[in-house]
Amino acid sequence: MSDRSCGECTLCCKLMGVPELKKPSAKWCASCDQGTGCTIYEERPQSCRNFQCFWLMDENFPDEFRPDRIHALAAFNDVKNSCVLHVDPAKPRAMGSPEVQALTDALLKVYEKVFFLCGKESAMMQR
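Numbering (the numbering used here), first residue to last: 3 to 129.
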(Lines of atoms letter the chains of each structure in order from A; the text may use other names.)
(Lines give C-alpha, C1' and ligand atoms only; values in the text may rest on other atoms or scores of the structure.)
Protein backbone atom coordinates (compact mmCIF):
# COMPACT_ATOMS: atom_id res chain seq x y z
CA MET A 3 0.00 0.00 0.00
CA SER A 4 1.17 3.49 -0.83
CA ASP A 5 1.57 6.44 1.52
CA ARG A 6 0.03 8.77 -1.07
CA SER A 7 -2.92 11.04 -0.46
CA CYS A 8 -5.44 12.47 -2.90
CA GLY A 9 -4.18 16.01 -2.45
CA GLU A 10 -6.31 18.29 -4.61
CA CYS A 11 -7.59 15.38 -6.73
CA THR A 12 -11.32 14.77 -6.42
CA LEU A 13 -11.86 13.23 -9.87
CA CYS A 14 -13.37 10.04 -8.43
CA CYS A 15 -16.14 12.23 -6.98
CA LYS A 16 -17.06 13.11 -10.55
CA LEU A 17 -16.35 10.00 -12.58
CA MET A 18 -17.66 7.25 -10.30
CA GLY A 19 -21.36 6.54 -9.88
CA VAL A 20 -22.63 6.26 -6.29
CA PRO A 21 -25.81 4.15 -6.22
CA GLU A 22 -26.57 4.94 -2.57
CA LEU A 23 -26.70 8.66 -3.41
CA LYS A 24 -28.33 8.10 -6.81
CA LYS A 25 -25.30 9.92 -8.22
CA PRO A 26 -24.64 9.05 -11.87
CA SER A 27 -21.14 8.63 -13.22
CA ALA A 28 -19.57 11.63 -14.98
CA LYS A 29 -21.40 14.16 -12.74
CA TRP A 30 -19.94 15.91 -9.70
CA CYS A 31 -21.16 14.57 -6.37
CA ALA A 32 -23.11 17.12 -4.34
CA SER A 33 -20.96 16.16 -1.33
CA CYS A 34 -17.68 16.98 -3.11
CA ASP A 35 -15.82 20.17 -2.38
CA GLN A 36 -13.88 20.19 -5.67
CA GLY A 37 -10.14 20.35 -5.11
CA THR A 38 -10.56 19.71 -1.38
CA GLY A 39 -12.47 16.46 -0.87
CA CYS A 40 -15.60 14.80 0.41
CA THR A 41 -17.70 16.83 2.81
CA ILE A 42 -19.30 13.63 4.22
CA TYR A 43 -16.13 11.53 4.26
CA GLU A 44 -16.75 9.96 7.70
CA GLU A 45 -20.33 9.05 6.68
CA ARG A 46 -19.65 8.33 3.00
CA PRO A 47 -21.56 5.43 1.36
CA GLN A 48 -20.16 1.92 1.13
CA SER A 49 -19.48 2.16 -2.61
CA CYS A 50 -17.22 5.17 -1.93
CA ARG A 51 -15.52 3.25 0.91
CA ASN A 52 -14.92 0.29 -1.42
CA PHE A 53 -13.45 2.37 -4.26
CA GLN A 54 -9.68 2.06 -4.71
CA CYS A 55 -7.79 4.39 -7.01
CA PHE A 56 -4.77 2.69 -8.59
CA TRP A 57 -2.70 5.88 -8.39
CA LEU A 58 -3.24 6.02 -4.63
CA MET A 59 -2.54 2.32 -4.18
CA ASP A 60 0.70 2.04 -6.15
CA GLU A 61 3.49 4.56 -5.67
CA ASN A 62 5.10 3.18 -8.85
CA PHE A 63 2.55 5.23 -10.77
CA PRO A 64 4.36 8.46 -11.64
CA ASP A 65 3.16 11.60 -9.86
CA GLU A 66 2.26 13.12 -13.21
CA PHE A 67 -0.29 10.28 -13.65
CA ARG A 68 -2.40 11.58 -10.75
CA PRO A 69 -5.98 11.34 -12.06
CA ASP A 70 -6.77 15.05 -11.99
CA ARG A 71 -3.61 15.73 -14.02
CA ILE A 72 -4.37 13.23 -16.80
CA HIS A 73 -8.19 13.48 -16.57
CA ALA A 74 -8.48 9.72 -16.10
CA LEU A 75 -8.37 7.22 -13.26
CA ALA A 76 -7.74 3.50 -13.18
CA ALA A 77 -9.70 1.23 -10.87
CA PHE A 78 -10.61 -2.40 -10.30
CA ASN A 79 -13.28 -4.03 -12.42
CA ASP A 80 -15.81 -6.80 -11.80
CA VAL A 81 -14.62 -8.68 -14.89
CA LYS A 82 -11.80 -11.13 -14.13
CA ASN A 83 -8.26 -10.09 -15.17
CA SER A 84 -9.32 -6.60 -16.18
CA CYS A 85 -9.46 -3.04 -14.92
CA VAL A 86 -11.34 0.11 -15.88
CA LEU A 87 -9.89 3.40 -17.02
CA HIS A 88 -12.47 6.12 -16.36
CA VAL A 89 -11.86 9.16 -18.58
CA ASP A 90 -13.43 12.53 -17.85
CA PRO A 91 -16.00 13.14 -20.61
CA ALA A 92 -15.31 16.87 -20.28
CA LYS A 93 -11.76 16.07 -21.49
CA PRO A 94 -12.26 13.43 -24.23
CA ARG A 95 -8.89 14.24 -25.80
CA ALA A 96 -7.27 12.80 -22.69
CA MET A 97 -7.67 9.35 -24.28
CA GLY A 98 -4.99 10.21 -26.83
CA SER A 99 -2.59 11.89 -24.42
CA PRO A 100 0.89 10.41 -23.97
CA GLU A 101 0.19 9.90 -20.24
CA VAL A 102 -3.03 7.94 -20.80
CA GLN A 103 -1.35 5.94 -23.57
CA ALA A 104 1.56 5.09 -21.24
CA LEU A 105 -0.87 4.19 -18.46
CA THR A 106 -2.85 1.96 -20.80
CA ASP A 107 0.33 0.19 -21.91
CA ALA A 108 1.34 -0.36 -18.27
CA LEU A 109 -2.12 -1.67 -17.36
CA LEU A 110 -2.09 -4.11 -20.28
CA LYS A 111 1.13 -5.62 -18.92
CA VAL A 112 -0.78 -6.58 -15.77
CA TYR A 113 -4.35 -7.07 -16.98
CA GLU A 114 -5.60 -8.95 -20.01
CA LYS A 115 -8.29 -6.34 -20.68
CA VAL A 116 -8.65 -2.63 -20.03
CA PHE A 117 -12.16 -1.22 -20.26
CA PHE A 118 -12.47 2.49 -21.04
CA LEU A 119 -15.44 4.55 -19.87
CA CYS A 120 -15.88 8.15 -20.97
CA GLY A 121 -19.37 9.31 -20.09
CA LYS A 122 -21.75 7.14 -22.09
CA GLU A 123 -18.98 5.95 -24.41
CA SER A 124 -17.10 2.73 -23.73
CA ALA A 125 -14.43 0.62 -25.35
CA MET A 126 -12.17 -2.29 -24.46
CA MET A 127 -8.55 -3.02 -25.27
CA GLN A 128 -7.06 -6.49 -24.94
CA ARG A 129 -3.44 -7.53 -24.90
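Quick reminder that beta carbons are idealized off the backbone N, C-alpha and C, glycines included. No experiment lies behind these values; they were computed from the predicted model shown.
By the criterion of a C-beta distance shorter than 8 Å, residue 72 is surrounded in its chain by 66, 96, 99, 101, 102 and 105, once the five residues flanking it on both sides are discounted. Closest in alpha carbon position to residue 52, among 116, 119, 78 and 110, is 78. DSSP lists no beta-bridge partner residue for residue 58.
The beta carbon of residue 19 sits closer than 7 Å to those of 25, 26 and 27, all from its chain and outside the five residues before and after it, given in chain order. The three-state secondary structure of residue 36, taken from DSSP, is coil. The residue from 117, 59 and 43 with its alpha-carbon nearest to that of residue 82 is 117. A distance below 6 Å between beta-carbons, with the five flanking residues on each side excluded, links residue 11 to the following residues of its chain, in chain order: 68, 69 and 70. Residue 112 is classed as exposed because its beta carbon has fewer than 16 other beta carbons within 10 Å across all chains shown.
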